[in-house]
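Residue numbers (the working numbering): 9 to 297.
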(Lines of atoms letter the chains of each structure in order from A and count residues from 1; the text may use other names and numbers.)
(Lines give C-alpha, C1' and ligand atoms only; values in the text may rest on other atoms or scores of the structure.)
Protein backbone atom coordinates (compact mmCIF):
# COMPACT_ATOMS: atom_id res chain seq x y z
CA UNK A 1 0.00 0.00 0.00
CA UNK A 2 1.32 3.40 -0.98
CA UNK A 3 2.09 5.74 1.94
CA UNK A 4 2.29 9.47 1.10
CA UNK A 5 5.45 11.38 1.93
CA UNK A 6 3.38 13.46 4.35
CA UNK A 7 3.07 10.38 6.59
CA UNK A 8 6.74 9.36 6.55
CA UNK A 9 7.14 10.88 10.02
CA UNK A 10 5.24 7.88 11.43
CA UNK A 11 8.23 5.68 10.63
CA UNK A 12 10.30 7.44 13.30
CA UNK A 13 8.22 6.55 16.36
CA UNK A 14 7.00 3.19 17.73
CA UNK A 15 3.33 4.24 17.80
CA UNK A 16 3.57 5.33 14.19
CA UNK A 17 5.13 2.06 13.08
CA UNK A 18 2.44 0.11 14.93
CA UNK A 19 -0.29 2.14 13.22
CA UNK A 20 1.26 1.61 9.78
CA UNK A 21 1.41 -2.13 10.38
CA UNK A 22 -2.38 -2.41 10.77
CA UNK A 23 -3.33 0.02 7.98
CA UNK A 24 -3.67 -2.55 5.16
CA UNK A 25 -6.09 -4.69 7.16
CA UNK A 26 -8.09 -1.68 8.34
CA UNK A 27 -8.36 -0.35 4.82
CA UNK A 28 -9.59 -3.70 3.50
CA UNK A 29 -12.08 -4.09 6.35
CA UNK A 30 -13.59 -0.64 5.79
CA UNK A 31 -13.81 -1.11 2.04
CA UNK A 32 -15.74 -4.34 2.64
CA UNK A 33 -17.93 -2.96 5.43
CA UNK A 34 -19.09 0.06 3.46
CA UNK A 35 -18.99 -1.63 0.04
CA UNK A 36 -16.58 0.94 -1.35
CA UNK A 37 -14.54 1.16 -4.51
CA UNK A 38 -11.14 2.79 -4.09
CA UNK A 39 -10.56 5.00 -7.12
CA UNK A 40 -7.04 6.35 -6.65
CA UNK A 41 -3.95 6.60 -4.48
CA UNK A 42 -4.02 8.27 -1.05
CA UNK A 43 -4.20 12.05 -0.95
CA UNK A 44 -0.76 13.55 -0.43
CA UNK A 45 -1.88 16.40 1.83
CA UNK A 46 -2.97 14.25 4.78
CA UNK A 47 -0.49 14.54 7.65
CA UNK A 48 -2.36 12.67 10.42
CA UNK A 49 -4.43 10.13 8.50
CA UNK A 50 -4.44 7.90 5.46
CA UNK A 51 -7.09 9.42 3.19
CA UNK A 52 -8.07 7.64 -0.01
CA UNK A 53 -10.62 8.59 -2.68
CA UNK A 54 -13.48 6.15 -2.93
CA UNK A 55 -16.96 5.72 -4.35
CA UNK A 56 -20.13 4.47 -2.68
CA UNK A 57 -22.08 1.66 -4.38
CA UNK A 58 -24.21 4.28 -6.17
CA UNK A 59 -21.12 6.10 -7.47
CA UNK A 60 -21.20 8.96 -4.96
CA UNK A 61 -17.67 10.35 -4.45
CA UNK A 62 -16.33 9.93 -0.91
CA UNK A 63 -13.11 9.84 1.09
CA UNK A 64 -12.14 7.01 3.42
CA UNK A 65 -10.00 8.30 6.29
CA UNK A 66 -8.01 6.11 8.64
CA UNK A 67 -6.88 8.36 11.46
CA UNK A 68 -3.57 8.23 13.26
CA UNK A 69 -4.67 7.59 16.88
CA UNK A 70 -3.83 10.97 18.38
CA UNK A 71 -6.00 12.87 20.85
CA UNK A 72 -6.42 16.00 18.70
CA UNK A 73 -8.67 14.29 16.15
CA UNK A 74 -10.58 11.91 18.43
CA UNK A 75 -13.76 14.03 18.10
CA UNK A 76 -13.42 14.81 14.39
CA UNK A 77 -16.47 12.71 13.50
CA UNK A 78 -18.53 14.36 16.25
CA UNK A 79 -17.59 17.82 14.95
CA UNK A 80 -18.58 16.96 11.40
CA UNK A 81 -21.88 15.55 12.67
CA UNK A 82 -22.47 18.70 14.75
CA UNK A 83 -21.91 20.96 11.74
CA UNK A 84 -24.13 18.67 9.62
CA UNK A 85 -22.61 19.92 6.37
CA UNK A 86 -22.88 23.63 7.21
CA UNK A 87 -19.46 24.98 6.21
CA UNK A 88 -17.78 21.60 6.54
CA UNK A 89 -17.78 18.28 4.73
CA UNK A 90 -20.55 15.83 5.61
CA UNK A 91 -19.88 12.74 7.69
CA UNK A 92 -21.26 9.70 5.87
CA UNK A 93 -20.23 6.92 8.26
CA UNK A 94 -17.97 6.36 11.27
CA UNK A 95 -16.21 3.33 12.77
CA UNK A 96 -14.77 4.47 16.13
CA UNK A 97 -13.02 1.16 16.83
CA UNK A 98 -10.95 1.42 13.65
CA UNK A 99 -10.70 5.26 13.85
CA UNK A 100 -12.21 5.27 10.37
CA UNK A 101 -14.40 7.96 8.80
CA UNK A 102 -16.25 7.98 5.52
CA UNK A 103 -16.78 11.58 4.45
CA UNK A 104 -18.00 13.70 1.57
CA UNK A 105 -15.39 14.32 -1.15
CA UNK A 106 -14.98 17.92 -2.25
CA UNK A 107 -15.01 18.48 -6.00
CA UNK A 108 -12.94 19.98 -7.49
CA UNK A 109 -11.16 20.03 -4.12
CA UNK A 110 -8.89 23.02 -4.80
CA UNK A 111 -7.41 24.27 -1.51
CA UNK A 112 -8.08 27.78 -0.30
CA UNK A 113 -4.33 28.35 -0.29
CA UNK A 114 -4.36 28.56 -4.09
CA UNK A 115 -6.34 31.82 -4.01
CA UNK A 116 -4.73 35.20 -3.55
CA UNK A 117 -4.30 35.97 0.16
CA UNK A 118 -7.02 38.63 0.13
CA UNK A 119 -9.54 36.40 -1.66
CA UNK A 120 -8.71 33.58 0.76
CA UNK A 121 -9.33 35.86 3.72
CA UNK A 122 -12.68 36.86 2.20
CA UNK A 123 -13.64 33.18 2.28
CA UNK A 124 -12.42 32.73 5.86
CA UNK A 125 -14.43 35.74 7.04
CA UNK A 126 -17.56 34.13 5.54
CA UNK A 127 -16.77 30.63 6.84
CA UNK A 128 -15.68 31.11 10.46
CA UNK A 129 -19.00 32.42 11.83
CA UNK A 130 -20.79 29.40 10.35
CA UNK A 131 -18.43 27.00 12.08
CA UNK A 132 -18.46 28.82 15.42
CA UNK A 133 -21.72 27.32 16.70
CA UNK A 134 -22.53 26.66 20.37
CA UNK A 135 -21.33 23.25 21.54
CA UNK A 136 -20.56 21.24 24.66
CA UNK A 137 -19.67 17.58 25.34
CA UNK A 138 -18.07 15.46 23.97
CA UNK A 139 -15.73 18.18 22.76
CA UNK A 140 -12.69 19.06 24.85
CA UNK A 141 -12.90 22.54 26.39
CA UNK A 142 -10.20 24.95 25.27
CA UNK A 143 -9.44 25.52 28.96
CA UNK A 144 -8.67 21.82 29.42
CA UNK A 145 -6.53 21.69 26.30
CA UNK A 146 -4.70 24.81 27.44
CA UNK A 147 -3.84 23.14 30.75
CA UNK A 148 -2.10 20.45 28.71
CA UNK A 149 -0.19 23.10 26.75
CA UNK A 150 0.96 24.69 30.00
CA UNK A 151 2.58 21.39 30.95
CA UNK A 152 3.81 20.44 27.49
CA UNK A 153 5.39 23.73 26.39
CA UNK A 154 8.22 23.77 28.97
CA UNK A 155 8.62 19.99 28.87
CA UNK A 156 8.94 19.84 25.07
CA UNK A 157 11.29 22.84 25.13
CA UNK A 158 13.60 21.13 27.62
CA UNK A 159 13.45 17.78 25.82
CA UNK A 160 14.39 19.48 22.53
CA UNK A 161 17.52 20.94 24.17
CA UNK A 162 16.16 24.46 24.66
CA UNK A 163 16.01 25.44 20.97
CA UNK A 164 15.00 29.03 21.71
CA UNK A 165 15.25 31.33 24.70
CA UNK A 166 13.24 30.53 27.83
CA UNK A 167 11.64 33.97 27.57
CA UNK A 168 9.31 32.77 24.80
CA UNK A 169 8.15 29.87 26.96
CA UNK A 170 7.45 32.20 29.86
CA UNK A 171 5.51 34.64 27.66
CA UNK A 172 3.23 31.83 26.45
CA UNK A 173 2.62 30.57 29.98
CA UNK A 174 1.86 34.07 31.22
CA UNK A 175 -0.65 34.70 28.45
CA UNK A 176 -2.35 31.37 29.15
CA UNK A 177 -2.86 32.27 32.78
CA UNK A 178 -4.74 35.43 31.71
CA UNK A 179 -6.66 34.02 28.75
CA UNK A 180 -8.20 30.85 30.13
CA UNK A 181 -10.34 32.26 32.97
CA UNK A 182 -11.55 35.30 31.00
CA UNK A 183 -13.03 33.61 27.90
CA UNK A 184 -16.25 34.70 26.27
CA UNK A 185 -19.05 32.62 24.73
CA UNK A 186 -18.07 28.98 24.18
CA UNK A 187 -18.46 27.73 20.61
CA UNK A 188 -17.00 25.00 18.44
CA UNK A 189 -13.52 26.01 17.24
CA UNK A 190 -11.05 24.16 15.06
CA UNK A 191 -7.38 24.32 15.99
CA UNK A 192 -6.29 23.11 12.53
CA UNK A 193 -8.37 25.31 10.21
CA UNK A 194 -5.50 26.40 7.98
CA UNK A 195 -5.86 27.33 4.32
CA UNK A 196 -4.91 23.83 3.17
CA UNK A 197 -7.82 22.37 5.13
CA UNK A 198 -10.50 24.41 3.35
CA UNK A 199 -11.41 23.04 -0.08
CA UNK A 200 -13.51 24.28 -2.97
CA UNK A 201 -16.64 22.18 -3.39
CA UNK A 202 -19.74 21.99 -5.54
CA UNK A 203 -22.31 21.89 -2.72
CA UNK A 204 -20.92 25.06 -1.13
CA UNK A 205 -18.13 27.34 -2.34
CA UNK A 206 -15.73 26.25 0.44
CA UNK A 207 -15.85 23.44 2.98
CA UNK A 208 -13.62 22.74 5.98
CA UNK A 209 -12.00 19.32 6.32
CA UNK A 210 -9.94 17.51 8.97
CA UNK A 211 -11.11 19.39 12.06
CA UNK A 212 -9.34 19.16 15.42
CA UNK A 213 -12.26 20.50 17.45
CA UNK A 214 -12.36 22.23 20.82
CA UNK A 215 -14.98 24.29 22.61
CA UNK A 216 -13.66 27.76 23.35
CA UNK A 217 -14.19 31.46 22.75
CA UNK A 218 -14.53 32.88 19.24
CA UNK A 219 -11.17 34.67 19.51
CA UNK A 220 -9.47 31.29 19.18
CA UNK A 221 -11.14 30.55 15.82
CA UNK A 222 -8.81 32.55 13.51
CA UNK A 223 -5.60 31.30 15.17
CA UNK A 224 -4.65 28.61 12.60
CA UNK A 225 -5.15 31.03 9.70
CA UNK A 226 -3.12 33.77 11.37
CA UNK A 227 -0.16 31.53 12.19
CA UNK A 228 -0.28 29.32 9.06
CA UNK A 229 2.22 29.64 6.23
CA UNK A 230 -0.23 28.95 3.41
CA UNK A 231 -1.24 32.59 2.84
CA UNK A 232 2.22 34.07 3.20
CA UNK A 233 4.99 33.77 5.76
CA UNK A 234 6.36 37.16 6.74
CA UNK A 235 5.88 39.65 9.59
CA UNK A 236 3.62 41.79 7.41
CA UNK A 237 1.50 38.86 6.20
CA UNK A 238 0.97 37.44 9.70
CA UNK A 239 0.06 40.82 11.19
CA UNK A 240 -2.25 41.63 8.29
CA UNK A 241 -4.18 38.39 8.78
CA UNK A 242 -4.46 39.15 12.49
CA UNK A 243 -5.69 42.70 11.83
CA UNK A 244 -8.14 41.86 9.09
CA UNK A 245 -9.75 38.79 10.68
CA UNK A 246 -10.06 40.46 14.08
CA UNK A 247 -11.66 43.58 12.61
CA UNK A 248 -14.03 41.94 10.12
CA UNK A 249 -15.18 39.23 12.53
CA UNK A 250 -15.68 41.70 15.38
CA UNK A 251 -13.13 40.00 17.64
CA UNK A 252 -10.79 41.30 20.32
CA UNK A 253 -7.49 41.67 18.44
CA UNK A 254 -5.29 41.35 21.51
CA UNK A 255 -6.95 38.09 22.55
CA UNK A 256 -6.61 36.66 19.03
CA UNK A 257 -2.93 37.68 19.08
CA UNK A 258 -2.39 36.15 22.52
CA UNK A 259 -4.08 32.86 21.64
CA UNK A 260 -2.01 32.70 18.45
CA UNK A 261 1.23 33.17 20.40
CA UNK A 262 0.23 30.43 22.85
CA UNK A 263 -0.97 27.94 20.26
CA UNK A 264 1.98 28.53 17.96
CA UNK A 265 4.39 28.01 20.85
CA UNK A 266 2.59 24.80 21.83
CA UNK A 267 2.87 23.52 18.25
CA UNK A 268 6.45 24.72 17.69
CA UNK A 269 7.88 21.38 18.84
CA UNK A 270 6.52 17.93 18.07
CA UNK A 271 8.06 14.56 18.84
CA UNK A 272 11.33 16.35 19.56
CA UNK A 273 11.32 18.15 16.19
CA UNK A 274 11.49 21.94 16.24
CA UNK A 275 9.55 23.94 13.62
CA UNK A 276 11.49 27.20 13.10
CA UNK A 277 8.68 28.81 11.09
CA UNK A 278 6.41 28.59 14.11
CA UNK A 279 9.03 30.22 16.32
CA UNK A 280 9.29 33.04 13.76
CA UNK A 281 5.53 33.66 13.97
CA UNK A 282 5.75 33.96 17.75
CA UNK A 283 8.54 36.51 17.44
CA UNK A 284 6.66 38.52 14.82
CA UNK A 285 3.52 38.66 16.98
CA UNK A 286 5.65 39.87 19.87
CA UNK A 287 6.90 42.72 17.67
CA UNK A 288 10.29 41.17 16.92
CA UNK A 289 11.59 40.86 13.35
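Even glycine gets a Cβ: it sits at the ideal position worked out from N, Cα and C.
Here the structure is a predicted model, which means the values were calculated and not measured.
{"Asked": "To which residues of the same chain is residue 113 closer than 7 Å at the C-beta, ignoring the five residues directly before and after it?", "Found": "61, 69, 70 and 71"}
{"Asked": "So, with DSSP's three-state summary, where would you put residue 278?", "Found": "strand"}
{"Asked": "How would you label residue 205, buried or exposed, when you count the other beta carbons within 10 angstroms and need 16 or more for buried?", "Found": "buried"}
{"Asked": "Distance, Cα to Cα, residue 96 vs residue 233?", "Found": "16 Å"}
{"Asked": "Of the choices 197, 277 and 266, whose alpha-carbon is the least far from that of residue 295?", "Found": "266"}
{"Asked": "Would you mind listing the alpha helix (DSSP H) stretches within the segment 124–178 that are 4+ residues and don't spill past its ends, in chain order?", "Found": "125–139 and 150–167"}
{"Asked": "For residue 99, which beta-bridge partners are listed by DSSP?", "Found": "111"}
{"Asked": "Quick test of the definition: if touching needs 3 or more C-beta pairs under 8 Å, does the segment 83–92 touch the segment 153–172?", "Found": "no"}
{"Asked": "Kindly identify the DSSP beta-bridge partner or partners of residue 74.", "Found": "58 and 108"}
{"Asked": "Check each candidate in 150, 116 and 289 and name the one with the smallest Cα separation from residue 237.", "Found": "289"}
{"Asked": "Terminal residues of the continuous beta strand (DSSP E) containing residue 214?", "Found": "214–216"}
{"Asked": "Between which two residues does the beta strand (DSSP E) holding residue 208 run?", "Found": "206–208"}
{"Asked": "Would you mind working out which of 273, 269, 270 and 297 sits nearest residue 243, comparing C-alpha positions?", "Found": "297"}
{"Asked": "Since residue 270 and residue 195 are thought to touch, with beta carbons under 8 Å apart, how far apart are those beta carbons, to the nearest angstrom?", "Found": "Rounded, the Cβ-Cβ distance is 18 Å, inconsistent with contact."}
{"Asked": "Is residue 12 near residue 50, with beta carbons less than 8 Å apart?", "Found": "yes"}
{"Asked": "Whose C-beta lies closer than 7 Å to the C-beta of residue 188 among residues of the same chain, with five residues either side of it excluded?", "Found": "151 and 154"}
{"Asked": "Tell me the rounded alpha-carbon separation between residue 23 and residue 282.", "Found": "20 Å"}
{"Asked": "Can you tell me whether residue 132 is buried or exposed? The criterion is at least 16 other CB atoms within 10 Å of its CB, across all chains shown.", "Found": "buried"}
{"Asked": "Apart from the five residues on each side of it in sequence, which residues of its chain come closer than 6 Å, Cβ to Cβ, to residue 239?", "Found": "125, 128 and 203"}
{"Asked": "Helix or strand or just coil, what does DSSP make of residue 239?", "Found": "coil"}
{"Asked": "To the nearest angstrom, how far is the alpha carbon of residue 57 from that of residue 160?", "Found": "23 Å"}
{"Asked": "Residue 201 and residue 147 - do their beta-carbons sit closer together than 8 Å?", "Found": "no"}
{"Asked": "From which residue to which residue does the beta strand (DSSP E) around residue 225 run?", "Found": "221–225"}
{"Asked": "Please name the residue, chosen from 10, 231, 285 and 229, that lies closest to residue 29 on a Cα-to-Cα basis.", "Found": "10"}
{"Asked": "In three-state terms, what does DSSP make of residue 94?", "Found": "coil"}
{"Asked": "Would you say residue 118 and residue 207 are within 8 Å of each other, going by their C-beta atoms?", "Found": "yes"}
{"Asked": "If I measure Cβ to Cβ from residue 224 and keep anything under 6 Å in the same chain, skipping five residues before and after, which residues do I get?", "Found": "150 and 197"}
{"Asked": "Rounded to whole angstroms, what is the Cα-Cα separation between residue 107 and residue 35?", "Found": "11 Å"}
{"Asked": "Would you say residue 216 and residue 139 are within 8 Å of each other, going by their C-beta atoms?", "Found": "yes"}
{"Asked": "Name the DSSP beta bridge partners of residue 69, please?", "Found": "63"}
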